[in-house]
Amino acid sequence: MTRHVVTLNAGSSSIKFSLFEAVGDTLSPVAIGQVETQGQQRKISIHDGAGTSINEATWSRPDGAPFHKDALDRILSWRRATFPDAQVEAAGHRVVHGGLRYAEPVLITDDVLDYIKSLIPLAPLHQPHNIEGILAAREAWPHVRQVACFDTAFHRHHPFVDDVFALPMRFYEEGVRRYGFHGISYEYVSGRLRQIAPLHAAGRVVIAHLGNGASMCAIRDGQSVASSMGFTALDGLPMGTRCGQLDPGVVLYLMQEKQMTANQIQDLLYKESGLKGLSGISNDMRELEASDSPAAQQAIEYFVFRIRRELGGLAAVLKGIDAIVFCGGIGEHAWQVRQRVLEGMEWIGVELDRLANRNSAQVISTDRSRVRVFVIPTDEEAMIARHTIAVIDPPGGD
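If you read the sequence shown in this note's numbering, its first letter stands for residue 1, the second for the next number, and so on.
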């Protein structure tokens, strides 16, 4: 029997979506697309599983129409017209924060949704839009089951030392912990590594998810043991517009000396910092690499420096490294960034194959390299679809 699931990844001005077909144990992407706002226009673009464009359209933004509802209506209309016989059984949603409660995907109930809403302060850039996507999907598809897949779930079994801050324990017990993020991506890439190089996957692995959001994760035998991100998605590496690691004293200074409000500081740290703030040009690595501005080059240098520093720290956590994996938009495509990260890393066991790296080959280390280095494209939508099927049709269920 052929079954279909939809995946949704809702942002503030875009919704990424996919339609997957499940036949037995085989899950295949039928269509992958995005609806986004561009000025006064909205645009939908869709390609098939092979990457061939199958639909593209723009329309004027309706006055007063909420983006997520308008986008979901367009997606639903397109699906009905193009795949009228597709029986969509569930919609799987990426939800950035699952808090203490959720260490695995769950069917969305009113109680689940209320808890997800309570976590908005921990992921203010993402959680509200994830929720809007869920609400819009509920309204557009009232009879379709909705499943939440959490970015934090992959990290919820961290050792205590990587889960805690050196604050009074009452805060830890209340949930002030190092949650880690990008877990859906790490889970997918770990699974692909098991297929490509099972011996390395069973060992000590560092995965670098580098994109507009960026983090790194230490994994032992497929289990997350340390992450560069912490209580929120601000910590660790600098990102497109987020600051990364920051002395908390800076926040106190901004409050006390600059008289900045909490909302102003939140906007500064989440939206005006990172590569964009350092360069004064852009949060897009492609633009920075193409620029001859000294500030752009300094922003890249700092990004690389923090990755190298985090790599050394995660190697210490793992007591050595067997494999390094790059994924995410920058990790998969910016060969110069990868080269700058790995040059001079012979001490850790890495010998880079420059030609393979320039070509973004699957393996970019030499045959002599003690640490094997991979480039593995991530596919969060496929991971969400798998989890969604598992939730609505659990093993051993009726």
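C-beta atoms are modelled at their ideal positions from N, C-alpha and C, and glycine is treated no differently. Predicted model, so just to flag it, every value in this text is computed and none were measured.
What are the residues that DSSP puts in a beta bridge with Glu21? As computed with DSSP, Glu21 is found in a beta bridge with His4, Ser28.
Kindly confirm or deny that the region 181-201 and the region 249-257 touch, where touching means at least three C-beta pairs closer than 8 angstroms. Judged by Cβ distances under 8 angstroms, the region 181-201 makes no contact with the region 249-257, as fewer than three pairs qualify.
Let me make sure I understand the geometry here. Which of Val225, Ile207, Glu301, Asp70 has the alpha-carbon closest to that of Pro238? The option with the nearest alpha carbon to Pro238 is Glu301.
Judging by CA-CA distance, which residue of Thr26, Ala226, Asn283 is the nearest neighbour of Ala316? Check the Cα spacing between Ala316 and each of Thr26, Ala226, Asn283: the tightest is with Ala226.
State buried or exposed for Lys319, treating a residue as buried only when at least 16 other CB atoms are found within 10 Å of its CB. That one is exposed.
Terminal residues of the alpha helix (DSSP H) in which Ser190 lies: Start and end: 183-196.
Hey, could you find the ends of the alpha helix (DSSP H) Asp73 is sitting in? Residue range 67-82 is occupied by the alpha helix (DSSP H) that includes Asp73.
When the Cβ atoms of the region 370-380 are set against those of the region 332-351, are three or more pairs found closer than 8 angstroms? With three or more CB-CB distances shorter than 8 angstroms, the region 370-380 counts as touching the region 332-351.
Should Pro105 be labelled buried (16 or more other beta-carbon atoms within 10 Å of its own) or exposed? By the neighbour-count criterion, in which 16 or more other beta carbons inside 10 Å mark a residue as buried, Pro105 falls on the buried side.
Of the residues Val6, Met285, Val325, Gly203, the one placed nearest Tyr188, counting alpha carbons only: When only C-alpha atoms are compared, the closest one is Val325.
Looking at the structure shown, is Met383 part of a helix, part of a strand, or coil, going by DSSP? Met383 falls in the helix class under three-state DSSP.
Who pairs with His126 in a beta bridge, going by DSSP? The partner list for His126 (beta bridge, DSSP) is empty, contrary to what the question assumes.
Give the straight-line distance between the Cα atoms of Gln245 and Gly11, rounded to the nearest whole angstrom. Their Cα atoms are separated by approximately 24 angstroms.
In its own chain, which residues sit with a C-beta less than 6 angstroms from the C-beta of Ala295, not counting the 5 before and 5 after it? Contacts found: Ser279, Gly280.
With DSSP collapsed to three states, give me the class of Ala316. For Ala316, the three-state secondary structure derived from DSSP is helix.
Less than 7 angstroms between the beta carbons of Asp322 and Gly203, yes or no? Cβ atoms of Asp322 and Gly203: closer than 7 angstroms.
Which residues bound the alpha helix (DSSP H) around His333? Note, His333: alpha helix (DSSP H), 328-333.
Give the single residue among Thr232, Val161, Asp247 whose Cα lies nearest to the Cα of Leu125. In terms of Cα proximity to Leu125, the closest of Thr232, Val161, Asp247 is Thr232.
Beta-ladder partner(s) of Thr37, from DSSP: Under DSSP, the beta-bridge partners assigned to Thr37 are Arg42.
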